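Quick mapping for you: the protein sequence lines, in order, are chains A and C. So for the first sequence, my numbering puts the first residue at 38; every next one is plus one. So for the second sequence, my numbering puts the first residue at 38; every next one is plus one. Virtual Cβ for every residue (Gly too), placed ideally from N, Cα, C. These figures come from a predicted structure and were not determined experimentally. Since the structure comes first, as structure tokens, the remarks are kept for the end.
There are 2 protein chains.
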Amino acid sequence: LKCYKSVSEIKKRVDLAVIVIPPEFSNKAVLECAKKGVKGCIIITAGYKEVGGEGAKREEELEKIVKRYKIRCIGPNCLGVFNPSSGVDTLFLPVFKLKRPEDGKIAIIAQSGAFGSVLLDLAADSGLGISKFVSYGNAVDIDEADLIKFFGNDKETKAITAYIEGVKNGRKFLETCYKVSRKKPIIVLKAGKSSKGSEAATSHTGSLAGKYSIYKGAFKQCGIIEALTIEQMFDFSRILSYESEIKGNRVAVVTNGGGFGVLSTDAIERNGLNLVEFEEEVRKKLQKVLPNYAKVHNPLDLIGDATPERYRGALEILMDYEGVDVILVVALMQTASMNSQIIDIFADLKQEYKKPFVVCMAGGEYTRIHSSNLEKLGIPVYPTPTRAADSIKALYDYWNWRRKHKNYRSNHQNFNY
Amino acid sequence: LKCYKSVSEIKKRVDLAVIVIPPEFSNKAVLECAKKGVKGCIIITAGYKEVGGEGAKREEELEKIVKRYKIRCIGPNCLGVFNPSSGVDTLFLPVFKLKRPEDGKIAIIAQSGAFGSVLLDLAADSGLGISKFVSYGNAVDIDEADLIKFFGNDKETKAITAYIEGVKNGRKFLETCYKVSRKKPIIVLKAGKSSKGSEAATSHTGSLAGKYSIYKGAFKQCGIIEALTIEQMFDFSRILSYESEIKGNRVAVVTNGGGFGVLSTDAIERNGLNLVEFEEEVRKKLQKVLPNYAKVHNPLDLIGDATPERYRGALEILMDYEGVDVILVVALMQTASMNSQIIDIFADLKQEYKKPFVVCMAGGEYTRIHSSNLEKLGIPVYPTPTRAADSIKALYDYWNWRRKHKNYRSNHQNFNY
Chain A
38 LKCYKSVSEI KKRVDLAVIV IPPEFSNKAV LECAKKGVKG CIIITAGYKE VGGEGAKREE
98 ELEKIVKRYK IRCIGPNCLG VFNPSSGVDT LFLPVFKLKR PEDGKIAIIA QSGAFGSVLL
158 DLAADSGLGI SKFVSYGNAV DIDEADLIKF FGNDKETKAI TAYIEGVKNG RKFLETCYKV
218 SRKKPIIVLK AGKSSKGSEA ATSHTGSLAG KYSIYKGAFK QCGIIEALTI EQMFDFSRIL
278 SYESEIKGNR VAVVTNGGGF GVLSTDAIER NGLNLVEFEE EVRKKLQKVL PNYAKVHNPL
338 DLIGDATPER YRGALEILMD YEGVDVILVV ALMQTASMNS QIIDIFADLK QEYKKPFVVC
398 MAGGEYTRIH SSNLEKLGIP VYPTPTRAAD SIKALYDYWN WRRKHKNYRS NHQNFNY
Chain C
38 LKCYKSVSEI KKRVDLAVIV IPPEFSNKAV LECAKKGVKG CIIITAGYKE VGGEGAKREE
98 ELEKIVKRYK IRCIGPNCLG VFNPSSGVDT LFLPVFKLKR PEDGKIAIIA QSGAFGSVLL
158 DLAADSGLGI SKFVSYGNAV DIDEADLIKF FGNDKETKAI TAYIEGVKNG RKFLETCYKV
218 SRKKPIIVLK AGKSSKGSEA ATSHTGSLAG KYSIYKGAFK QCGIIEALTI EQMFDFSRIL
278 SYESEIKGNR VAVVTNGGGF GVLSTDAIER NGLNLVEFEE EVRKKLQKVL PNYAKVHNPL
338 DLIGDATPER YRGALEILMD YEGVDVILVV ALMQTASMNS QIIDIFADLK QEYKKPFVVC
398 MAGGEYTRIH SSNLEKLGIP VYPTPTRAAD SIKALYDYWN WRRKHKNYRS NHQNFNY
């Protein structure tokens with residue numbers, strides 16, 4: 038590759054600069070880029086606000102350059118961006134250690150670089166596609182609100198998930214999220230909730246993590262779905278990017294393992310969802326497709342000898358049944374009578390009906406082959422009933438918020454500051 | 038294989054009968070076994086108490102046979118047993134669908150057959166060894182308390198984990214668990230917590246799931262560690278079977294990713310554990326093994342360019358430091374400076390020090406190779422800081438209970454019935 042001493046030596050136009058030199062020289066490089074007319078730069082270099090002292094001064098200086106020359110910056114102290122469809126990849130981590138995910142519908146925003154890299158690696162490993170990834174570090178210019186706004190207008194993105202330690206500008210963040218949430222879901226994992234966790238966040242990305250209770254309230258107001266764990270970031274993103282509107286919170290559970298029916302019921306009740314009783318007419322229909330030793334109620338136990346065809350029979354009835362808004366289907370693949378036909382049946386249901394359904398499949402390799410095939414069809418699959426029920430709750434919360442805020446105008450009156 | 042019309046035709050002694058014929062004939066088969074002098078039988082057959090009506094009568098009849106002839110029974114309506122060291126395997130599920138785990142130290146008890154099969158499959162898939170597995174279904178004779186007592190005396194078992202919908206005999210269960218908990222940990226996932234979940238449990242295994250609050254109190258009294266999810270059943274079993282005593286709740290966090298340090302801190306505080314401040318002397322020692330741009334506090338961020346040797350330096354100091362009882366080590370393998378040497382370092386620490394430590398490694402294939410190698414060395418590894426911190430809490434709760442109950446006599450006075 039041809040190298041230059043300085044960006045000013047380059048004759049052609051430069052679209053993007055990626056700064057990876059030591060902090061003593063990084064501001065100078067940004068300044069040269071700005072003077073040259075480079076539109077955007079990503080500053081990977083660390084040693085800014087997060088280290089205090091000299092670093093804090095360095096960041097102030099950088100901010101002045103950025104403002105004066107209006108060059109848009111991601112970073113410093115970040116990993117940069119990854120875009121599977123265009124191939125742009127500023128991550129400085131080797132591919133054999135950190136796999137890159139395929140093209141998909143979920144945008145990932147991570148303040149922390151290491152955290153972001155783990156998210157990418159996990160997404161790639163579980164076959165989850167992403168639209169774009171941004172690690173934005175200290176956010177000297179572009180912050181979480183800018184990114185959420187951008188992804189709100191990005192056609193390749195159906196859901197946005199973000200790891201946030203602290204929000205830079207509360208009002209801007211709230212207003213942006215309120216607008217975007219009315220178009221597509223935003224899922225946020227907030228770190229630095231505890232008092233010591235908040236201190237740790239300050240020395241990590243120089244963020245003021247602030248009071249968690251305030252964040253929690255703000256998230257609710259602007260339709261953000263909060264993830265409490267890394268697993269939930271993905272679990273909620275999947276259901277919210279695959280499924281369209283859910284009309285209410287009335288859940289039916291269909292299972293071939295009684296214990297999983299009990300655990301599903303516990304998780305549904307804990308989430309405040311409604312495990313409805315089936316009406317007499319539906320019970321009669323269901324009884325016809327079930328063996329005579331099966332009892333019809335909700336959770337509906339298809340019994341351990343259930344075949345894929347028995348699933349089809351029961352699920353078609355529940356899909357047509359207006360008393361139910363969503364179905365949690367437990368399909369344990371370990372039993373003798375279960376086989377790969379179940380995939381075709383779920384695929385048919387997904388195509389024929391609009392009613393959302395999620396699948397719970399728990400187990401090892403044989404199970405995983407089936408669950409990853411369902412994911413490719415856009416059906417969310419979860420490894421435990423708890424995670425399936427929590428995800429249904431996220432879907433319900435989002436659409437419930439969106440319906441309520443359908444006719445609101447996005448202005449200050451919507452928020453209790 | 039030579040077949041017989043009836044067990045009474047067999048001339049030789051029979052140790053164990055496995056009953057897998059339809060329910061109309063199963064009691065007669067048990068009776069024949071009892072008369073022949075067979076010591077134990079496993080009744081896989083379903084169609085007993087759990088279906089009500091005829092089934093309930095069938096179960097009463099079975100109970101009479103069992104009591105009269107003193108034949109010990111597991112089941113009915115169960116999967117039976119699996120013992121990796123002896124090879125006894127009564128599971129009627131094909132191995133390609135349900136892998137069997139290797140020999141190990143954790144005993145699994147599951148009332149639900151389907152649930153038990155998933156646990157086995159998950160254990161096999163994650164390389165977790167088990168000592169024995171029992172699915173006991175309706176518990177006409179041998180119940181959860183009998184099994185816990187048995188595993189309490191089983192030399193191959195270091196920790197017992199159980200999935201329970203309802204306890205048959207509360208007093209017997211409490212007293213057994215109290216005694217066993219003083220020798221080895223018991224981890225229980227209780228299903229049927231909600232009112233509808235409790236109803237579902239009744240129609241599943243005919244159990245009276247009872248009030249959850251009563252169970253919760255009872256578990257606490259007799260030292261049972263409660264798992265709230267399937268993941269926690271394994272997470273807690275691993276730390277409790279690998280690690281020996283933990284002296285207190287003072288935690289140090291060491292990480293190469295700042296965000297994971299923040300999340301660890303949140304999870305430690307949520308669990309009521311103590312993220313101690315390091316004393317001046319220790320801080321000085323730590324500063325010597327760290328680069329000058331690293332700040333020394335807890336969580337200790339070794340910075341993204343941390344090498345395995347830097348981990349060794351910091352961890353040796355914290356292992357020697359008496360102000361800390363346990364270390365949560367986050368080791369993200371995605372960075373350029375991390376490599377497989379980290380395994381040797383953790384192995385050395387495990388051998389040289391008694392202080393417990395857990396590792397958090399998050400990521401895809403490259404990460405998994407390392408975490409499964411650590412598991413083989415008896416070091417518990419978790420995929421998220423939350424799960425690592427929750428597991429430390431389980432270890433602390435167990436040993437805290439055990440120290441308090443060291444000198445108690447096991448009698449009724451210990452319980453508030």
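Check: Straight-line Cα distance separating A:K430 from A:I416; Outcome: 16 Å
Check: C:V155 - containing alpha helix (DSSP H), residue span; Outcome: 150-162
Check: Sequence-distant residues of the same chain with beta carbon closer than 6 Å to C:R424, five excluded per side; Outcome: D272
Check: Contact list for the segment 265-293 of chain C against chain A, Cβ threshold 9 Å; Outcome: L265, T266, I267, E268, V290, T292, N293
Check: Check whether C:E306 and A:K233 have beta carbons under 8 Å apart; Outcome: yes
Check: First through last residue of the alpha helix (DSSP H) which encompasses C:Y435; Outcome: 422-441
Check: Where the beta strand (DSSP E) containing C:E359 begins and where it ends; Outcome: That residue, C:E359, is in no beta strand (DSSP E); it is neither H nor E in DSSP.
Check: Own chain, CB closer than 6 Å to A:L355, minus 5 neighbours either side, in chain order; Outcome: A289, V361, I364
Check: At least 3 beta-carbon pairs within less than 8 Å: the segment 283-299 of chain A vs the segment 210-227 of chain A; Outcome: no
Check: Chain A residues whose Cβ lies nearer than 7 Å to that of C:S231; Outcome: T302, D303, E306, R307
Check: First and last residue of the uninterrupted beta strand (DSSP E) at A:Y200; Outcome: 196-201
Check: Chain A residues whose Cβ lies nearer than 8 Å to that of C:P336; Outcome: A237
Check: Within the segment 328-403 of chain A, ranges of the alpha helix (DSSP H) (whole runs, at least 4 residues); Outcome: 345-357, 378-389
Check: Which of helix, strand or coil DSSP assigns to C:L53; Outcome: strand
Check: Boundaries (first-last residue) of the beta strand (DSSP E) holding C:F273; Outcome: C:F273 -> not in any beta strand (DSSP E); alpha helix (DSSP H) instead, spanning 267-279.
Check: A:M370: contacting residues in chain C (beta-carbon distance under 7 Å); Outcome: K134
Check: Spatial distance of A:S456 from C:N376 (CA atoms); Outcome: Past the boundaries of the shown model lies residue 456 of chain A; chain A is included only from 38 to 454, so the question cannot be answered.
Check: 8 Å Cβ shell around C:A343 - same chain, five flanking residues per side excluded; Outcome: N293, T372, S374, M375
Check: Rounded C-alpha distance that separates A:V299 from C:A151; Outcome: 12 Å
Check: Contact the segment 114-127 of chain A vs the segment 76-92 of chain A: 3+ CB pairs below 8 Å; Outcome: yes
Check: Three-state secondary structure (DSSP) of A:C259; Outcome: coil
Check: C:W436 burial status per 10 Å Cβ neighbour count (16 or more: buried); Outcome: buried
Check: Residue range of the unbroken beta strand (DSSP E) whose run includes A:C110; Outcome: 109-111
Check: Residue environment, C:Y433, which counts as buried when at least 16 other CB atoms sit within 10 Å; Outcome: buried
Check: Chain-order list of residues whose beta-carbon lies under 7 Å from that of C:T266 (same chain, five-residue window excluded); Outcome: none
Check: Chain-ordered chain C contacts of A:A228 [CB-CB under 7 Å]; Outcome: G296, V299, L300, D303
Check: CB contact below 8 Å: A:P131 versus chain C; Outcome: yes
Check: Cβ-based burial, A:N453 [other Cβ within 10 Å; buried from 16]; Outcome: Low per-residue confidence applies at A:N453: pLDDT is 46, beneath 50, and the placement is therefore not dependable, though the value from the model is reported in the following sentence. Flag for A:N453 reads exposed.
Check: Short Cβ contact (8 Å threshold) for C:S154 with C:L135; Outcome: yes
Check: Cβ of C:E61 within 8 Å of any chain A Cβ; Outcome: no
Check: Helix, strand or coil at A:T82 according to DSSP, with G and I counted as helix; Outcome: coil
Check: Chain B contacts made by the segment 405-418 of chain C, where a contact means CB separation under 7 Å; Outcome: Looking at the structure shown, chain B is missing, and the protein chains on hand are A and C.
Check: Contact set for A:I111: own chain, Cβ-Cβ below 6 Å, skip 5 residues either direction; Outcome: I79, Y173, I179
Check: Cut-off 8 Å between Cβ atoms - residues of its own chain near C:K443, not counting five sequence neighbours on either side; Outcome: R219
Check: Residues within the segment 141-152 of chain C neighbouring chain A, beta-carbon criterion of under 9 Å; Outcome: A147, Q148, S149, G150, A151, F152
Check: Rounded straight-line distance, which links the Cα of C:V57 to that of C:L116; Outcome: 10 Å
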